[in-house]
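So the structure is just underneath, and the comments pick up after that.
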Amino acid sequence: MTVYTHVTVGSNDLPRARAFYDRVLAPLGLKRLADLGDNGSIWGVDSPAFFVLRPANGQPATVGNGVTLSFAAPSRAAIDACHAAALADGGRDEGAPGPRNWAPNAYAAYFRDLDGNKIAAYCFQGA
-14 MTVYTHVTVG SNDLPRARAF YDRVLAPLGL KRLADLGDNG SIWGVDSPAF FVLRPANGQP
46 ATVGNGVTLS FAAPSRAAID ACHAAALADG GRDEGAPGPR NWAPNAYAAY FRDLDGNKIA
106 AYCFQGA
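Position 30 of the sequence shown, counting from 1, maps to 15 under the numbering used here, and the rest follow consecutively.
See the structure below:
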């Protein structure tokens, strides 16, 4: 059982965010499952998991200080590809792909999306 039904980040430029996440999430096995018109889009594997939305209150989307959204990756190569796609599409590096010493076999990469949200991809497989 998972403890989350979905995670949402806000965006101030949905067309750019859609293109960014289509390319960045593909190496992780996620695809766009639905578009909500001018309100946003939804990605997932088999069910909705990640939403990029225009804030419901009509105010600009802002970044949560101390918040990181981390996606499970099927392999280290998928993390490398995800991170490379993020940087190629205008994301900012927040931690190059590589081992993380806090857990056995932890391998991850961090980046900021186009709106400044901190995103990570992790796997826990040996080299």
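Ideal placement from N, C-alpha and C gives every residue a C-beta, glycine not left out.
Here the structure is a predicted model, which is why all the values come from computation and not from measurement.
Check	Outcome
State the DSSP-derived secondary structure class of Y6, mapped to helix, strand or coil.	helix
Which ranges does the beta strand (DSSP E) cover as unbroken runs of at least 3 residues, wholly within the stretch 5 to 56, from first to last along the chain?	16 to 20, 25 to 29, 33 to 38
State the Cα-Cα distance for the pair R61 and A41, rounded to the nearest angstrom.	36 Å
Pull up the DSSP beta-bridge partners for V(-6), would you.	V37
For F109, count neighbouring Cβ atoms within 10 angstroms of its own Cβ and tell me buried if that reaches 16, exposed if not.	exposed
According to DSSP, is R77 helix, strand or coil?	strand
Between H68 and A106, is the Cβ-Cβ spacing less than 8 Å?	yes
Once DSSP output is grouped into helix, strand and coil, what is the label at P59?	coil
For the candidate residues A70, N24, Y(-11), W87, whose alpha-carbon lies nearest to that of Q44?	N24
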